[in-house]
Every structure is written in structure tokens, then in C-alpha cells.
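K.L.:
Quick note: the sequence shown uses my numbering, first residue 1, plus one each step.
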Amino acid sequence: MSDKKNHPLSDPKNWAPETQLVHGGGLRTPFNETSEAIFMNSGYSYPSSQHAEDIFTHKIEGHNYSRFANPTLDMFQERMALLEGAEAARAFATGMAAVTNAVMSQVRAGDHIVASRALFGGCRYVVEDFMPRWGVSSTLVDGRDPANFEAAMRPNTKLVFIETPTNPTIELVDIRAVADIAHAHGARLIVDNVFATALHQHPLKLGADLVTYSATKHIDGQGRTLGGVVLGSKELIEGDVHTLLRQTGPSLSPFNAWVLLKSLETMPLRVRQMSESAARIAAFLDGHAKVARVAYPFLKSHPQYELAQRQMSNGSTLLAIDVKGGREAAFKLSDALSVILISNNLGDAKSLITHPGTTTHQRFSEAVRLESGITPGLLRLSVGLENTDDLIADLSFALDQI
Ligand SMILES: Cc1ncc(COP(=O)(O)O)c(C=O)c1O
Numbered sequence: 001m002s003d004k005k006n007h008p009l010s011d012p013k014n015w016a017p018e019t020q021l022v023h024g025g026g027l028r029t030p031f032n033e034t035s036e037a038i039f040m041n042s043g044y045s046y047p048s049s050q051h052a053e054d055i056f057t058h059k060i061e062g063h064n065y066s067r068f069a070n071p072t073l074d075m076f077q078e079r080m081a082l083l084e085g086a087e088a089a090r091a092f093a094t095g096m097a098a099v100t101n102a103v104m105s106q107v108r109a110g111d112h113i114v115a116s117r118a119l120f121g122g123c124r125y126v127v128e129d130f131m132p133r134w135g136v137s138s139t140l141v142d143g144r145d146p147a148n149f150e151a152a153m154r155p156n157t158k159l160v161f162i163e164t165p166t167n168p169t170i171e172l173v174d175i176r177a178v179a180d181i182a183h184a185h186g187a188r189l190i191v192d193n194v195f196a197t198a199l200h201q202h203p204l205k206l207g208a209d210l211v212t213y214s215a216t217k218h219i220d221g222q223g224r225t226l227g228g229v230v231l232g233s234k235e236l237i238e239g240d241v242h243t244l245l246r247q248t249g250p251s252l253s254p255f256n257a258w259v260l261l262k263s264l265e266t267m268p269l270r271v272r273q274m275s276e277s278a279a280r281i282a283a284f285l286d287g288h289a290k291v292a293r294v295a296y297p298f299l300k301s302h303p304q305y306e307l308a309q310r311q312m313s314n315g316s317t318l319l320a321i322d323v324k325g326g327r328e329a330a331f332k333l334s335d336a337l338s339v340i341l342i343s344n345n346l347g348d349a350k351s352l353i354t355h356p357g358t359t360t361h362q363r364f365s366e367a368v369r370l371e372s373g374i375t376p377g378l379l380r381l382s383v384g385l386e387n388t389d390d391l392i393a394d395l396s397f398a399l400d401q402i
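1. Is the CB-CB distance between leucine 381 and leucine 318 below 8 angstroms?
2. Any heavy atom of ligand 1 closer than 7 angstroms to the beta-carbon of methionine 408?
3. Using the DSSP secondary-structure output, state which residues sit across from aspartate 192 in a beta bridge.
4. Report yes if the C-beta of glutamate 84 is less than 7 angstroms from at least one heavy atom of ligand 1; otherwise report no.
5. Write down every uninterrupted run of the beta strand (DSSP E) in the segment 113-164 whose length is 3 residues or greater and which is fully enclosed by it, in chain order.
6. Whose CA, out of Phe331, Leu206, Pro254, lies closest to the CA of phenylalanine 39?
7. Can you tell me the Cβ-Cβ gap for serine 316 and aspartate 394, rounded? I've got them flagged as a contact below 8 angstroms.
8. Classify glycine 95: buried if its beta carbon has 16 or more other beta carbons within 10 angstroms, exposed otherwise.
9. Is it right to say phenylalanine 331 is buried, meaning 16 or more other beta carbons lie within 10 angstroms of its own, or is it exposed?
10. Give the straight-line distance between the Cα atoms of asparagine 167 and tryptophan 15, rounded to the nearest whole angstrom.
11. Name the residue from Ala109, Phe68, Val107 whose alpha carbon lies nearest to the alpha carbon of alanine 89.
12. Please report the residue range of the beta strand (DSSP E) in which threonine 354 lies.
13. List in chain order: all unbroken beta strand (DSSP E) runs of 3+ residues lying wholly within the segment 327-398.
14. Three-state secondary structure (DSSP) at arginine 224?
15. The beta strand (DSSP E) that contains valine 291, what's its start and end?
16. Drop a sphere of 10 angstroms on the beta-carbon of tryptophan 258, count the other beta-carbons inside from all chains shown, and report buried for 16 or more, exposed for fewer.
17. Under the DSSP definition of a beta bridge, which residues are partnered with arginine 90?
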């Protein structure tokens with residue numbers, strides 16, 4: 001056997017993302033399986049009472065209960081941490097469980113949160129409705145201008161929460177600028193990085209303290225399972241995030257962790273192809289007679305194009321289309337599509353179109369929706385893996401029906 005210690009690729013941190021996502025975090029049982037094993041067990045047995053005590057008191061490393069310790073989850077968490085460049089990660093049953101844990105783990109009654117108002121509906125609910133019930137107040141700001149965060153900070157602000165690009169309006173928030181503001185006030189920054197994906201935007205490198213994902217989206221990317229991840233420093237993840245997960249139990253099933261682990265192997269291929277298509281579709285829609293506005297980060301007409309170039313390496317897979325003629329026109333377009341499906345999911349191999357005003361954001365008043373840029377004609381398009389020409393032909397036909 002050759003000595004591989006000095007091999008430049010002996011450390012997975014030196015691997016390119018594609019290699020990390022195929023091999024990273026892999027653990028092999030004595031059977032030496034090539035594909036990762038599913039540890040579909042809730043508990044563990046111990047060779048002695050002393051061994052059990054030593055595991056519970058952290059004298060030795062070992063797994064003691066799958067609510068917070070499972071080898072299949074270890075592999076998924078380690079693979080995600082490598083990709084993100086994070087020290088540690090914890091997996092959750094859904095993206096909302098991940099976001100709720102990340103937020104709740106960082107605040108106590110009496111604290112204050114500043115968040116951008118253009119957020120996925122569930123995330124906004126957590127910050128705006130749930131947190132105040134437990135004595136944590138919140139202020140929502142227009143996230144496009146970092147000065148709005150500065151103006152909203154209070155002495156008791158402990159957390160800033162942003163999503164960029166935003167769901168569904170594809171607005172951007174300057175992560176570096178907001179991280180600097182949060183830290184100057186002694187607060188932490190959480191970034192929901194679902195829309196950009198871990199391949200195209202690195203919030204931790206830009207100053208974020210925690211990053212969250214709905215793994216339901218591009219990580220699974222095939223519409224099969226829900227999941228979530230929170231990543232950051234060992235101190236935060238193995239401290240408050242782990243404790244809240246361990247004691248409240250929003251845990252990911254080992255089977256779902258395995259599905260997500262295997263999906264990571266193909267994520268770069270899928271997301272690269274989907275992003276290429278999204279850029280071509282955005283260019284096709286830009287200036288189309290039936291379209292009032294199309295928002296895609298890497299389209300030159302995007303008002304924050306310069307920021308997109310600075311903090312993202314690719315425009316990613318989602319775009320917002322404001323069709324002329326409001327809700328009626330948006331419904332007509334969606335209903336005339338043959339390949340693209342009407343659905344509220346995103347990041348999937350299948351292209352999906354959503355009318356946020358009547359689905360994901362229907363609970364908000366018209367005034368709140370308009371303030372967040374959710375106009376009656378707004379559609380969110382998640383570009384999938386179908387042939388790009390087919391997708392353009394589908395949209396072209398549907399636009400002609402308006
Ligand atoms: C930006 C964003 N964050 C969080 C979530 C919640 O994820 P999940 O549906 O897995 O709970 C979603 C879901 O659509 C989302 O789009």
C-alpha cells in the first residue's frame with residue numbers, strides 16, 4: 001500500500017465541490033459498500049453500562065439516539081459542511097424546521113430581530129407572528145438598501161435574518177454590508193440561501209454567522225422529500241443549534257437523509273444545467289411584448305445586477321415574471337403551459353410555475369403584497385432539467401394566449 005498522507009487530495013477540504021459532493025463525509029461499514037448505507041434505526045445498544053455512561057457524558061465518541069445522532073445524517077451533514085465551507089452542520093425534517101431552529105436558537109425573550117420583508121411566507125410568519133408571541137419583537141425592512149437595516153437596529157437587536165435572492169421577487173440583499181451592520185451592533189446574521197444555492201453564493205465567506213437551506217429544493221431537486229440544514233461555526237452549531245434540535249426533536253429521518261445525500265452527488269450537474277436554461281429563458285422574456293418585467297440576477301436589466309455579479313457566481317435557477325394584464329393574464333399564461341407544471345415547489349428537475357399572490361403569499365393583504373413587490377401579474381418560474389428550447393416554446397405559446 002502506498003503512503004497517501006502527502007497526497008494533495010488527502011484532505012476533502014482541498015477537493016472541488018463536485019468531488020466533495022460525491023465522496024465527502026462518506027463512512028463505510030465493514031461490508032465496504034460503495035453507495036452509502038442507510039442507518040434506519042432509532043436507538044443503539046452498548047456493550048456495557050460503563051460504555052453507555054461514557055457516551056452520554058462525552059468521555060467517548062458514539063451515537064446514542066437518532067433524534068440527534070445517526071451515521072446517515074452524519075454523512076449528509078459532513079457533505080453539506082464541506083460544500084458550504086462550514087465547520088459544522090445539522091439536518092432537519094424540513095426547511096422551515098431549519099429556519100425556525102436557527103432563529104429561535106439565537107434569541108431570548110426581550111430580544112429584537114431585524115429581517116428583510118421580502119421573505120418566503122413561512123419564514124416571514126416565524127419572524128413576524130411567532131417570535132413576538134414569545135417576547136421577541138421584530139422589524140421588517142426593505143432589504144434592497146443596507147441603510148434600512150442600520151436604521152432598524154436597536155440596542156437589544158440580537159439577530160438579522162435575510163433571504164437573497166428573495167422568494168418570489170428575486171430582489172437581492174447585500175450580504176457583506178448587512179453582516180457588517182449586524183456585527184457592529186453585536187447581532188448575528190442568518191442567511192437563507194435557498195434561491196442562490198450553496199454552489200453559487202457563499203454567505204459564510206461574506207460574513208454570515210449561520211446559513212439555512214430547505215433541502216427540499218435543489219438539494220433533493222427531484223420532488224421526493226422534505227429536509228433542511230443549518231450550517232455555521234462549531235461553536236454555534238454544536239452549541240445552541242444542536243441543543244434546540246436535540247431537546248425539541250425536529251429531526252430528519254435517516255431515509256430522507258440518505259435520499260438527500262445521494263442527490264448531492266448530482267446537484268452540480270443539475271443546478272448548472274438548470275441555471276443555463278434559466279439565463280436563456282430570462283433573456284427570451286426580457287423585453288417580450290406581454291411581459292412588464294422579468295427579474296433574474298444575471299440579467300443586465302436587473303436593478304441590482306452589479307451586486308449580483310459581486311456576490312453570486314451564477315444567476316441560478318429562478319426568475320420572476322410580471323406579466324402585463326395582472327392576475328387574469330398570469331392565470332392564462334400558467335393554464336396554457338404544456339410542459340411547465342403549476343406548483344408551489346421550486347429547485348426541481350421539473351420546471352414549475354407559481355402565482356405567489358394566490359398561493360404562497362395569499363395570506364398577506366394586497367397592500368403588504370404590493371409593498372413586497374408581489375404584483376397581481378407576478379409569476380415565479382423555477383427552471384428544471386427539460387430541454388431549454390422546449391421550455392421556451394412552451395412559454396412562447398402560453399404568452400401568445402394572453
Ligand atoms: C426560501 C425558502 N426558505 C425556506 C423554505 C421552507 O422549506 P420547506 O418547504 O422545506 O419547509 C422555502 C420553501 O419553499 C423557501 O423557498
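From the three backbone atoms N, C-alpha and C, an ideal C-beta is built for every residue, glycine too.
P.N.:
For this structure:
1. yes
2. Given a span of 1 to 402 for the chain in the structure shown, any question on residue 408 remains unanswerable.
3. Glu163, Thr212
4. Outside the cutoff, so no.
5. 137-141, 157-163
6. Pro254
7. Wrong, their Cβ atoms sit about 20 angstroms apart, outside the cutoff.
8. buried
9. buried
10. 31 angstroms
11. Phe68
12. 352-354
13. 352-354, 378-382
14. coil
15. 291-295
16. buried
17. Val230
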